[in-house]
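Asker: Below is a structure I'd like to ask you about.
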Amino acid sequence: MVHSPLPIVVLSTVLMLGGCSFSTDALWPSLSGQAPSGQPSNANTAMKAVSIKPSSGETAGQPLVNPAVGQVPPRLGTTNFEIQPPRAGQPTGTFVGNKVAQLRDDLSRLQTSVNQENSDLQAVRQQTMVNAQGYHTRVAVIRSRLQLGTTPGNPQLVRGWNDSQIELEKINTDIGRMNALSNRVAADAAMSSYLLEATRAAFGLSGAIDEDHRQLEVLEDDVNRSVVLIDRLLTELSDDIRRQSNYVSTERNDLNTLALAIKNGEFFGPSLATTAYTRANATPTAAAPRGSVRSGARRPLVVIRFDRPDVNYQQALYSAVNRALQRQPDAAFDLVSVSQLRGGTARSTLNANSARRNAQSVLRALVDMGLPPSRVALSATTETTGGNEVRLYVR
667 MVHSPLPIVV LSTVLMLGGC SFSTDALWPS LSGQAPSGQP SNANTAMKAV
717 SIKPSSGETA GQPLVNPAVG QVPPRLGTTN FEIQPPRAGQ PTGTFVGNKV
767 AQLRDDLSRL QTSVNQENSD LQAVRQQTMV NAQGYHTRVA VIRSRLQLGT
817 TPGNPQLVRG WNDSQIELEK INTDIGRMNA LSNRVAADAA MSSYLLEATR
867 AAFGLSGAID EDHRQLEVLE DDVNRSVVLI DRLLTELSDD IRRQSNYVST
917 ERNDLNTLAL AIKNGEFFGP SLATTAYTRA NATPTAAAPR GSVRSGARRP
967 LVVIRFDRPD VNYQQALYSA VNRALQRQPD AAFDLVSVSQ LRGGTARSTL
1017 NANSARRNAQ SVLRALVDMG LPPSRVALSA TTETTGGNEV RLYVR
């Protein structure tokens, strides 16, 4: 039988969050409302500013970001799609010769359109790189401030987050420009296929001389080259759009998590959606035991006791769920509100309502951290002992 390592993580997390009196309590934040012992550290005040030259990554053409704290923007295609104009031919005076000249003019107009599209593609790529640099510069400043320590809801970080969102929307606008360009290239691809068929069909026309067929062979080669180049242009452009769309979607999740971190004044990490999706192909591990969510049926991953206002549980919750997803990327969770069943019917009802509100608050925090709502099942239960709390179980 294969035993999952997850219960060990669950046990350690519960011990950390459950308010048990172990010697490690002084090292971890308490979620039970007890004031932590010890004095605040003044280590940061002893740090000296040191001038450091920029690294090669900081001076590169495209931004390089530490994957531990953010997603690296995908590299755009680099091909410059320069097209060769059609080779000239002499008029022969025949009907087929006139048809060849007409097809050559159509190819020339098509190539002019492709050259313009190539120019537009290079421009939007350059603009996307500039916008990505601006976005990651602002996000890096926010993450650095959070990692060093700052006040909850710091207005400077809030402004930086708003600017980051504006920069990300610029990248999304660039994707819209790429989509419009892709539609134009697709129309040219259809035109190039038509020209190739029309050129080949011209070989069957009557009344041609040898020079007409020689020029048709040259024209067919020119059209073929254009067809191949346009196809490559459309493929590379489609790849750019797909990669950039996935990147923007991931960064939006990270911005939501970053907003929660700014609200609490401490850095969590990348979106939980990133952990779940990037580890989807990881080596499978034994699943956590399944069963009822009743108290005592299985060990909770996290226990949050709401015995005082403004319980600071977000960082510990993020860490526990992140570790669970690293071990079991497809994990789902049960979020249970537990209320006291004592003090009469009215008091029990008030406790139940308060516990449900606390559970909904924890659910919103998990969603802000990037965990898809479909992975969390919300329920409620009552107990005759203990206080109001929220428990998170791994399914």
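Quick note on numbering: the sequence shown equals residues 667 to 1061 in the working numbering. The beta-carbon is built from N, C-alpha and C at its ideal position, and this holds for glycine as well.
When DSSP labels each residue in this structure, what does Ser-1005 get in the three-state scheme?
Answerer: As a first step, residue 1005 must be located in the sequence shown, where it is residue number 339. Of the three classes helix, strand and coil, the one that applies to Ser-1005 here is strand, per DSSP.
Asker: Taking all protein chains shown into account, do 16 or more other C-beta atoms lie within 10 angstroms of the C-beta of Asp-887, making it buried, or fewer, making it exposed?
Answerer: Position 221 of the sequence shown, counting from 1, holds the residue named residue 887. Exposed, by the Cβ-count rule.
Asker: Rounding to the nearest angstrom, what Cα-Cα distance links Val-1060 and Ala-990 in this structure?
Answerer: Residue numbering aside, residue 1060 sits at position 394 when the sequence shown is read from its first letter. Residue numbering aside, residue 990 sits at position 324 when the sequence shown is read from its first letter. For Val-1060 and Ala-990, the distance between alpha carbons rounds to 8 Å.
Asker: Taking 8 Å as the threshold, find out whether the segment 843–853 comes into contact with the segment 864–871 through three or more Cβ pairs.
Answerer: With the cut-off at 8 Å, the segment 843–853 and the segment 864–871 do not touch.
Asker: Express the C-alpha separation of Leu-900 and Leu-882 in angstroms, rounding to a whole number.
Answerer: Locating residue 882 in the sequence shown gives position 216, where the first residue counts as 1. Locating residue 900 in the sequence shown gives position 234, where the first residue counts as 1. Roughly 27 Å between the two C-alpha positions.
Asker: Restricting to Cα atoms, I'd like to know which of Asp-771, Leu-1032, Glu-783 and Arg-791 is closest to Asp-920.
Answerer: Numbered from 1 along the sequence shown, position 254 holds the residue referred to as residue 920. Among Asp-771, Leu-1032, Glu-783 and Arg-791, the Cα nearest to that of Asp-920 is on Leu-1032.
Asker: Using 8 Å for Cβ pairs, my map puts Thr-1048 next to Ser-1005. What's the rounded Cβ distance?
Answerer: The sequence position of residue 1048 within the sequence shown is 382, counting from 1. The sequence position of residue 1005 within the sequence shown is 339, counting from 1. Their Cβ separation, rounded to whole angstroms, is 5 Å, which keeps Thr-1048 and Ser-1005 in contact under 8 Å.
Asker: Taking the DSSP output, what are the residues bridged to Glu-1049?
Answerer: Position 383 of the sequence shown, counted from the first residue, corresponds to residue 1049. Partner(s): Gln-1006.
Asker: How would you write the range of the beta strand (DSSP E) that Tyr-979 sits in, first residue to last?
Answerer: Taking the first residue of the sequence shown as position 1, residue 979 is located at position 313. Counting along the chain, Tyr-979 falls outside any beta strand (DSSP E), and DSSP gives it neither H nor E.
Asker: Once DSSP output is grouped into helix, strand and coil, what is the label at Ser-772?
Answerer: To locate residue 772, count along the sequence shown from 1; it is residue 106. Contrary to the premise, residue 772 reads as Asp rather than Ser in this sequence. Helix, per DSSP.
Asker: Under 9 Å, do Met-844 and Leu-787 count as touching if we go by C-beta distance?
Answerer: Locating residue 844 in the sequence shown gives position 178, counting from the first residue. Locating residue 787 in the sequence shown gives position 121, counting from the first residue. Yes; because the gap between Cβ atoms is below 9 Å, this pair is in contact.
Asker: If you draw a straight line from the alpha carbon of Leu-770 to that of Leu-885, how long is it in whole angstroms?
Answerer: Sequence index remark: in the sequence shown, residue 770 carries index 104 (1-based). Sequence index remark: in the sequence shown, residue 885 carries index 219 (1-based). Looking at the sequence itself, residue 770 is Arg, so the reference to Leu does not match. Answer to the nearest angstrom: the Cα atoms are 7 Å apart.
Asker: Tell me which same chain residues have a C-beta within less than 7 Å of the C-beta of Ala-874, skipping the five on either side of it?
Answerer: Residue 874 sits at position 208 when you count from the first residue of the sequence shown. Cβ within range, chain order: Thr-760 and Val-762.
Asker: Taking the Cβ atom as the reference point for each residue, do Leu-938 and Asn-988 lie within a distance shorter than 9 Å?
Answerer: Here residue 938 refers to the residue found at position 272 when the sequence shown is read from its first residue. Here residue 988 refers to the residue found at position 322 when the sequence shown is read from its first residue. Yes; because the gap between Cβ atoms is below 9 Å, this pair is in contact.
Asker: With contact counted as at least three CB pairs below 8 Å, one residue from each stretch, are the segment 917–935 and the segment 1006–1023 in contact?
Answerer: Too few Cβ pairs lie closer than 8 Å, so no.
Asker: Answer yes or no: do Asp-1000 and Ala-1043 have a C-beta to C-beta separation smaller than 9 Å?
Answerer: Translated into positions along the sequence shown, residue 1000 becomes position 334. Translated into positions along the sequence shown, residue 1043 becomes position 377. Cβ distance < 9 Å, so Asp-1000 and Ala-1043 count as in contact.
Asker: Helix, strand or coil for Glu-1055? Go by DSSP, reduced to three states.
Answerer: One-based indexing of the sequence shown puts residue 1055 at position 389. Looking at Glu-1055 - three-state DSSP - the assignment turns out to be strand.
Asker: With DSSP as the reference, label Arg-825 as helix, strand or coil.
Answerer: Taking the sequence shown and counting its residues from 1, one reaches residue 825 at position 159. Correct three-state label for Arg-825: helix.
Asker: CA-CA distance, Gln-981 and Gln-822?
Answerer: Numbered from 1 along the sequence shown, position 315 holds the residue referred to as residue 981. Numbered from 1 along the sequence shown, position 156 holds the residue referred to as residue 822. Answer to the nearest angstrom: the Cα atoms are 21 Å apart.
Asker: Quick check: the segment 791–801 against the segment 827–837, are at least 3 beta-carbon pairs closer than 8 Å?
Answerer: Result yes; three or more Cβ-Cβ pairs closer than 8 Å.
Asker: What residue from Phe-747, Ile-928 and Asn-784 has the CA that sits closest to Gly-826's CA?
Answerer: Your numbering for residue 826 matches position 160 in the sequence shown. Answer by Cα proximity: Ile-928.
Asker: Is Ala-986 near Leu-926, with beta carbons less than 9 Å apart?
Answerer: By one-based count along the sequence shown, residue 986 stands at place 320. By one-based count along the sequence shown, residue 926 stands at place 260. Cβ atoms of Ala-986 and Leu-926: not closer than 9 Å.
Asker: Using 9 Å as the threshold, is the C-beta distance between Val-889 and Leu-871 below it?
Answerer: In the sequence shown, counting from the first residue as 1, residue 889 sits at position 223. In the sequence shown, counting from the first residue as 1, residue 871 sits at position 205. Cβ distance not < 9 Å, so Val-889 and Leu-871 don't count as in contact.
Asker: Measuring straight from C-alpha to C-alpha, what distance separates Thr-1015 and Tyr-913?
Answerer: Position 349 of the sequence shown, counted from the first residue, corresponds to residue 1015. Position 247 of the sequence shown, counted from the first residue, corresponds to residue 913. Distance between the alpha carbons of Thr-1015 and Tyr-913: 46 Å.
Asker: Taking the beta carbon of Leu-983 as the centre, do at least 16 other beta carbons fall within 10 Å, making it buried, or is it exposed?
Answerer: Position 317 of the sequence shown, counted from the first residue, corresponds to residue 983. Flag for Leu-983 reads buried.
Asker: Can you grab the Cα-Cα spacing for the pair Lys-836 / Leu-814, in whole Å?
Answerer: Locating residue 836 in the sequence shown gives position 170, where the first residue counts as 1. Locating residue 814 in the sequence shown gives position 148, where the first residue counts as 1. Taking the straight line joining both Cα atoms gives about 29 Å.
Asker: Just verifying my parser: in three-state terms, what is the DSSP assignment at Asp-1000?
Answerer: Counting from 1 along the sequence shown, the entry for residue 1000 is found at position 334. Strand at Asp-1000.
Asker: Would you kindly report the start and end of the unbroken alpha helix (DSSP H) that includes Arg-918?
Answerer: Position 252 of the sequence shown, counted from the first residue, corresponds to residue 918. Taken as a continuous stretch (DSSP letters only), the alpha helix (DSSP H) holding Arg-918 covers 876–930.
Asker: Applying the 10 Å Cβ sphere with the 16-neighbour rule, what's the burial state of Gln-750?
Answerer: In the sequence shown, counting from the first residue as 1, residue 750 sits at position 84. When all chains shown are included, Gln-750 counts as exposed.
Asker: What is the C-beta distance between Ser-779 and Asp-854, in whole angstroms, given that I count them as a contact (C-beta under 8 Å)?
Answerer: Here residue 779 corresponds to residue number 113 of the sequence shown, with the count starting at 1. Here residue 854 corresponds to residue number 188 of the sequence shown, with the count starting at 1. Confirmed, about 6 Å.
Asker: I need the DSSP call for Gln-970, collapsed to helix, strand or coil.
Answerer: If you number the sequence shown from 1, residue 970 lands on position 304. The question names Gln, but residue 970 in the sequence shown is Ile. DSSP places Ile-970 in strand when its eight states are reduced to three.
Asker: Among the candidates Arg-1041, Asp-905, Asn-820 and Arg-974, whose CA atom is the shortest distance from the CA of Gln-994?
Answerer: Start at 1 with the first residue of the sequence shown, and residue 994 comes out as number 328. The shortest C-alpha separation from Gln-994 is found at Arg-1041.
Asker: Taking the alpha-carbon positions, what's the Asn-1017 to Val-968 distance?
Answerer: As a working note, residue 1017 is residue 351 in the sequence shown. As a working note, residue 968 is residue 302 in the sequence shown. Cα to Cα, the separation comes out at about 20 Å.
Asker: So is Ala-1012 buried or exposed if we call it buried at 16+ other beta carbons inside 10 Å?
Answerer: Residue 1012 sits at position 346 when you count from the first residue of the sequence shown. Looking at its Cβ environment, which holds fewer than 16 other Cβ atoms inside 10 Å, Ala-1012 is exposed.
Asker: Rounded to the nearest angstrom, what separates Pro-1071 and Asp-905 at their Cα positions?
Answerer: Missing from the structure shown is residue 1071; the chain here goes from 667 to 1061 and no further.
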